[in-house]
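Undergrad: With our numbering, letter number 24 in the sequence shown gets 6, and the count goes up by one each step, no holes.
Just so it is clear, CB atoms sit at the ideal spot from N, CA and C, and this is done for glycine as well.
Pasting a structure here, questions to come.
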Amino acid sequence: MDEIPTSKWIRSLEAFLELCFKLLGIYIVYFAINWLGKDLFGSDFRQDTLLSLLLLPAIYVLRDLLIIFEPFFAVVKKSESQVTVKSGITPRVIDTLNIASVDNIEIVKTPLGYCFNYASIRLYGRGGSVDMPYVINAEEVSKTINISVN
């Protein structure tokens, strides 16, 4: 089986930036509501209530912190007859799909994926699907799989 190269550092940076922007959004909402509350209610406005209301969304965003490290645990391998993907930290998923059964190939690019030429490839076949995460030169890999199918 040949290992297909995947983007690790750039995808990790993208995931980190995504989490930072989500936290920044919560921070902006905090300041906007705080400013509005002081203007509308004056001295009766309590900041601790607002902080406790926005703490849950922040914890929800931080729950996805492992997404930063996921690219380092993704391994994509392809042989003449099948594609095998090992991905995830917890749980660790090992997924295999026979190339002969592939019906549809879908390429999903993120914003940095356009700049650094990587994307996730989703292979749909009879009985299941496989997600090949963060593949470098995804169009070329997709073409080789498409040639193998036909």
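#1: Quick check on the DSSP output: the beta strand (DSSP E) that includes Ala101 runs from which residue to which?
#2: Buried or exposed: Ala(-4), going by 16 or more other Cβ atoms within 10 Å of its Cβ?
#3: Do Val58 and Thr(-12) have their C-beta atoms closer together than 9 Å?
#4: Straight-line CA distance for Tyr42 to Asp30?
#5: Use the C-beta contact count for Val112: other C-beta atoms within 10 angstroms, 16 or more gives buried, fewer gives exposed.
#6: With a threshold of 8 Å, establish whether the CB of Arg104 neighbours any heavy atom of the ligand SAM.
#7: Got a sec, what are the start and stop residues for the beta strand (DSSP E) Ser111 sits in?
#8: Assign Ile89 to one of three DSSP states: helix, strand, or coil.
#9: Tell me, please, whether the segment 100 to 117 touches the segment 70 to 84 by the rule of three or more beta-carbon pairs shorter than 8 Å.
#10: Can you have a look at Lys60 and say buried or exposed, based on whether 16 or more other CB atoms are within 10 angstroms of its CB?
#11: Assuming Phe55 contacts Ile71 under a Cβ cut-off of 8 Å, what Cβ separation, rounded to an integer in Å, is found between them?
#12: Between Glu88 and Arg104, which are expected to be in contact by the criterion C-beta below 8 Å, what is the C-beta distance as a whole number of angstroms?
#13: The alpha helix (DSSP H) spanning Leu(-1) covers which residue range?
#14: Could you say which of Tyr106, Tyr100 and Lys68 lies nearest to Asn80 if we only look at CA atoms?
#15: Does the distance from the CB of Ala120 to the CB of Tyr100 come in under 9 Å?
#16: When DSSP builds the beta bridges, which residues end up paired with Ile76?
TA: By the coordinates alone:
#1: Tyr100 to Gly107
#2: The question names Ala, but residue -4 is Glu in the sequence shown. With 16 or more Cβ atoms within 10 Å of its Cβ, Glu(-4) is classed as buried.
#3: yes
#4: 19 Å
#5: buried
#6: The ligand SAM is not among the ligands present in this structure, which contains no ligands whatsoever.
#7: Run containing Ser111: Gly110 to Ile118, per the beta strand (DSSP E) assignment.
#8: strand
#9: The segment 100 to 117, when compared against the segment 70 to 84, does touch it at the 8 Å Cβ threshold.
#10: Classification of Lys60: buried, given that the 10 Å Cβ count is 16 or more.
#11: 5 Å
#12: Contact flag correct, Cβ pair sits at about 4 Å.
#13: Trp(-9) to Phe23
#14: Tyr106
#15: yes
#16: Answer is Lys68.
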